[in-house]
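Chains as they are written, first to last, in our numbering: chain A, 4 to 456; chain B, 2 to 452.
Using N, Cα and C, we set each Cβ at its ideal position, and we do this for glycine too.
Next comes the structure, spelled out in C-alpha cells:
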C-alpha cells in the first residue's frame with residue numbers, strides 16, 4: 004500500500020505544474036506621472052469583468068490610534084468635496100461595482116470589482132475618493148457609534164470574541180497586539196484630521212496593483228494616470244520582535260450562559276523562525292489541523308466526539324507570524340480537549356506518527372495544488388502574499404517538489420519548534436465553572452470579556 | 002436552501018450597464034454546454050466539460066431535508082449527512098475522507114429544509130474513484146453503531162455552536178418555528194435535542210433506505226472530464242442500483258397546503274438570549290420557489306437591503322444617530338413556501354416596539370418611494386455582476402445547475418428565470434410590495450433584556 008501511495012504521489016507531479024499559470028502572470032510598470040505603479044496582471048476573459056486589488060505597503064502597525072487605518076478605509080466613501088456618502092453609494096451600486104478592503108498590521112488592500120466596460124467611470128471615481136475623501140464629521144460620528152455598538156455586542160459570537168482576545172493576550176507586549184479594528188477606548192480618538200493625514204500617508208506609500216480581467220482591462224492605466232495622485236515617497240520600517248516567553252496561566256474569559264467553550268492555543272512567530280520554511284510550516288499546519296483527516300480532527304472529533312471542528316494554522320506576514328489551533332467543546336469536556344491538543348503536539352514533535360499518515364498528507368497537499376489556480380481572485384491574493392513576504396514565485400512552482408522532499412524528522416522538528424507546550428498561550432472563552440477542570444492543566448486566570456473590547 | 006436570489010439573476014442588459022445588444026437572447030449570453038444523462042432507475046446526471054485545469058467538482062443533490070422528517074426524528078436528514086462520511090461496504094469505516102483528501106481533494110456537505118447536498122473537489126483523474134464512493138454509500142451505507150453514537154455527540158456540539166451559543170442562530174430558529182408553526186418547515190433542520198438524543202440507528206437506516214436512491218438524486222459534474230467516459234462510468238456504477246419504491250409516495254404526501262402559513266394576525270415573539278443589543282427578524286409569507294411573483298420580490302428585497310445605497314441602510318444605519326448597526330432584507334424561497342424578511346441588530350437603547358411600529362409603517366410607504374425605474378435598473382445591473390461571480394468556478398456552476406434541476410426538474414429553467422426577471426417592471430414590484438406588506442408579519446427578537 005505504501006508503495007502505491009508513493010507512486011501516486013510522483014505520478015501526479017508532472018500532470019500539473021504551476022509554471023504555465025505563472026507564465027501567464029505579466030509584470031508591468033505603469034507610469035502614472037508621480038509614481039511608477041507596479042502591476043501584476045493575469046488575463047482572465049471568462050466574463051467581461053475585472054478585479055483590481057491595490058496593495059498598500061502600510062498597515063495598522065502605523066496607526067497612531069488603534070483602528071485608524073481600518074477607519075480610513077471604512078469611511079473612504081463617506082463623502083468627498085463634491086459628493087455625499089449617499090451619492091457615492093448610489094454611484095457604485097448602480098454600476099454593480101464592489102469595493103472592499105482588508106487591513107492587516109503590515110499592509111492594506113483595496114479591491115474593486117466591476118464590469119470591464121465600466122472601468123473609466125468606476126476607477127475614475129475610486130481615484131476621486133483617494134484624492135478627496137473628506138471624512139465628514141456627521142458620518143464619522145455615525146460610524147463611530149455603530150462601531151462601538153457592534154463591538155459591545157461581540158459576545159453574540161463566542162468564536163469572534165475568542166479570536167480577538169487570543170490576539171491581545173498572545174501578542175501582548177508587541178506592536179501587533181492591538182486588533183486592526185481598534186478598541187472601544189480608541190474610537191473616540193479617531194478624528195477627521197487623523198483620517199485625512201492617514202489617507203495622505205497611504206497615498207504616498209508604495210502600491211502594487213494586482214489585476215485580473217480581459218486584455219482591455221489595461222486601459223485602466225490611462226484612468227489612473229489622469230485621475231489618481233499617488234506617489235511612493237513614504238517608506239515603512241518594520242519592528243523587531245523577540246521570541247515569546249513561557250506562559251504560566253490559562254486565560255478563562257467568562258461569558259454568561261455558555262454551555263460550550265471556545266478554545267484557542269498558540270503563539271506568535273518571529274521572522275527568523277519562518278523565513279525559508281513557509282512550505283514546511285504550511286505542511287505542518289495541515290498535518291495537524293487541515294481537513295477531516297488531520298491529526299486534531301481525528302483525535303478530537305472522529306475518535307472521541309468532543310467537537311464539531313478543529314483547525315490549525317500558521318499564518319506568516321513579512322515580519323511576524325502566528326501559529327495556533329482553534330476548536331471548541333462542551334463545558335464537561337473542554338479540559339479534556341485541551342489535554343488532547345497538548346498530547347497531539349507532543350506526539351508529532353517526538354515523531355510519534357505513522358509513515359502512512361505522513362504520506363497521506365503529502366498526497367493531500369500535492370494533489371490539491373492545482374486548486375490554488377482555479378479562482379483568479381484567490382490566485383491574485385496568493386501572488387500578493389508572496390510579494391509581500393519577498394518570496395520568489397519560483398517557490399510556488401516548486402511547491403509539489405518541496406513537499407515531496409519533506410521528511411518525517413523535519414515535520415517533527417517543525418512541530419517541536421513551533422508548538423512547545425510551555426510557550427503556548429491558552430485562551431478559553433466560556434463559563435467560569437470551567438475554572439476547576441482547566442486548573443488540572445495550568446493555573447487559571449479568570450477575566451471578563453469586556454476588558455478586551 | 003440558501004437564498005436562491007443571487008443565483009437566479011441575470012444577464013439583462015440594461016441601459017446603463019450592459020454590453021449586450023437588446024435584441025440578443027439574454028439566456029444565450031451564458032454559454033452552457035451541458036450533457037444530460039437519465040438512467041433507467043430514474044437518476045439524473047449533468048456533465049459539463051471545462052478543461053482549463055486538471056480538476057473537477059462533483060455535486061450530489063439528494064431531494065431530502067428537514068421537511069421530510071416527522072416529529073420524533075427531527076434532525077434525521079442532517080444526522081444522516083454526517084453518517085454518510087463514516088463508511089459503506091466497499092469503502093469501509095472512516096475511509097472516505099482519507100481516500101478523498103489523500104488524492105488532493107476536499108469534501109463536505111450541507112443539509113437544508115429541502116435537500117441534502119454532498120460535494121467534492123478533486124483532481125481530474127479521480128472521477129472514477131469518487132463515483133465509486135458515491136455509489137457505494139448510496140447503496141450500502143454502513144451506519145456502524147459505535148460511529149453512530151460518536152457522531153451523535155458531534156451533532157450535539159454542532160448544535161451548541163450554531164444555535165445554543167449563538168443568538169443569531171437562535172433568532173433564525175425562532176423565526177422558522179413561529180412563521181411556519183405547525184408545518185414541517187417549523188421544525189429545526191439541526192433537530193430538537195431530545196430527538197437527537199433518542200433517534201436510533203434503525204430509524205436513520207429506514208429513513209436512508211427511503212430517500213437515498215437514484216430516483217431521488219441529481220449528480221452534477223463540472224470540470225476537466227471526458228463526457229463519454231463520465232457517462233459510461235455513471236451508467237456502470239449507478240445503473241444497477243434499484244430505485245426507491247416509496248420515495249415518490251413520500252414526496253407526494255407533502256402537499257403544498259401542509260406548508261401554508263396563517264397570517265391572520267401579527268405574531269410578536271421575544272426570547273431571552275445573550276445579546277446585549279436587540280436582534281430581530283420580521284417576516285411575511287410569500288410564494289414557493291418558481292412562482293412567477295417571486296422574481297419581483299427578489300428585486301424588492303435587493304432594493305430595500307442590498308448595498309450601501311439601499312433603503313434600510315440609509316434609513317436606519319447611515320444616519321447621524323444610527324438606530325441599527327446592521328440591516329438586511331431577503332426573499333427566501335423554499336420548495337413548498339416562501340417568505341420575505343428583513344432583519345438586523347439594533348443599537349442599544351433603541352426600543353423594539355417603537356422600531357417595529359416605525360418599520361411597519363415605512364415599508365408600505367417605500368413601495369411607492371423606493372421602487373423606481375433607476376432602482377430597478379440598479380438591482381438588475383448588480384445581479385449581472387453577481388451572476389458572473391457565481392459561475393466563476395466549477396463548484397459554482399455545478400451548484401447553479403443542480404439547484405435548478407432539483408427544484409424545477411430541469412437545469413434549463415434558468416432561461417425561463419432570466420426571461421421572467423427581464424420582464425419585471427416597476428409596477429410588478431410595487432404591486433407585490435403592497436400585497437406583501439399588507440399581510441400580518443411575524444416579528445421575532447432575541448435580547449438579554451427580554452424576560
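- Separation of residue 374 of chain A and residue 172 of chain A (C-alpha to C-alpha, rounded to the nearest whole angstrom) is 35 Å.
- Within 10 angstroms of the beta-carbon of residue 196 of chain B lie 16 or more other beta-carbons, which makes it buried.
- Against chain B, a Cβ distance below 8 Å from residue 389 of chain A picks out nothing, because the smallest value is about 20 Å.
- In the three-state reduction of the DSSP assignment, residue 34 of chain B falls in the coil class.
- Rounded to whole angstroms, the Cβ separation of residue 270 of chain A and residue 427 of chain A is 6 Å, and the two are in contact under 8 Å.
- The beta-carbon separation of residue 340 of chain A and residue 310 of chain A, rounded to 6 Å, stays under the 8 Å limit for a contact.
- Under DSSP, residue 208 of chain A forms a beta bridge with A:237.
- The beta carbons of residue 429 of chain A and residue 268 of chain A sit closer together than 8 Å.
- 144, 145, 148, 149, 152, 153, 155, 156, 158 and 159: these are the residues of the stretch 143–159 of chain A whose beta carbon lies less than 7 Å from some beta carbon of chain B, given in chain order.
- Secondary structure at residue 182 of chain A: coil, using DSSP grouped into helix, strand and coil.
- Residue state for residue 322 of chain A is assigned as coil, using DSSP reduced to three classes.
- Nearest in C-alpha terms to residue 445 of chain B, of all of B:94, B:243 and B:272, is B:272.
- Taking the Cα of residue 447 of chain B as reference, the smallest distance to any Cα among B:277, B:102, B:51 and B:403 is reached at B:277.
- Within the same chain, and ignoring the five residues on either side of residue 218 of chain A in sequence, the residues whose Cβ sits closer than 8 Å to its Cβ are 46 and 48.
- Excluding its 5 nearest sequence neighbours in each direction, residue 187 of chain B has C-beta neighbours in its own chain below 7 Å: 177, 178 and 181, listed in chain order.
- Comparing C-alpha distances from residue 193 of chain B to each of B:338, B:79 and B:430 shows the shortest one belongs to B:79.
- The beta carbons of residue 321 of chain A and residue 385 of chain A sit no closer together than 8 Å.
- The stretch 402–411 of chain A and the stretch 152–162 of chain B do not touch, with fewer than 3 CB-CB distances between them shorter than 8 Å.
- Short of 6 Å from the beta carbon of residue 232 of chain B, and not among the five residues preceding or following it, lie these beta carbons of its own chain, in chain order: 38.
- Here residue 185 of chain B is buried, its C-beta having at least 16 other C-beta atoms within 10 Å.
- Contacts with chain A at 8 Å (Cβ-Cβ) include residue 124 of chain B.
- Distance from the Cα of residue 26 of chain A is smallest, within the candidate group A:126, A:410 and A:44, for A:44.
- Interface criterion not met: the Cβ of residue 61 of chain B is under 8 Å from no Cβ in chain A.
- In the DSSP assignment, residue 53 of chain A falls within the unbroken beta strand (DSSP E) covering 52–59.
- With fewer than 16 other Cβ atoms from the protein chains shown falling within 10 Å of its own Cβ, residue 450 of chain B counts as exposed.
- When C-beta distances to chain A are compared with 8 Å, the residues of the stretch 89–108 of chain B below that value are 95, 98, 99, 102, 103, 104, 105, 106, 107 and 108, in chain order.
- Contact note: residue 389 of chain B reaches chain A through 50 and 52, using a C-beta cutoff of 7 Å and chain order.
- Distances from the CA of residue 305 of chain B to each of B:337, B:434, B:411 and B:274 were compared; the closest alpha carbon is that of B:434.
- Per DSSP, the beta bridge partners of residue 333 of chain A are A:263.
- Under DSSP, the beta-bridge partners assigned to residue 342 of chain B are B:284 and B:331.
- Cβ-Cβ separation between residue 307 of chain B and residue 383 of chain B: approximately 7 Å, consistent with a contact (criterion under 8 Å).
- When C-alpha distances from residue 88 of chain B are compared across B:40, B:145 and B:407, the shortest belongs to B:145.
- Non-local C-beta neighbours of residue 217 of chain B in its own chain, meaning closer than 7 Å and more than five positions away in sequence, comprise 63, 64, 65, 245 and 248, ordered along the chain.
- One alpha carbon belongs to residue 65 of chain A, the other to residue 273 of chain A, and they sit about 19 Å apart.
- Using beta-carbon distances, residue 367 of chain A counts as an interface residue toward chain B, with a partner under 8 Å.
- Against chain B, the beta carbon of residue 370 of chain A has neighbours under 9 Å at 102, 103, 104, 105, 106, 123, 124 and 127, listed in chain order.
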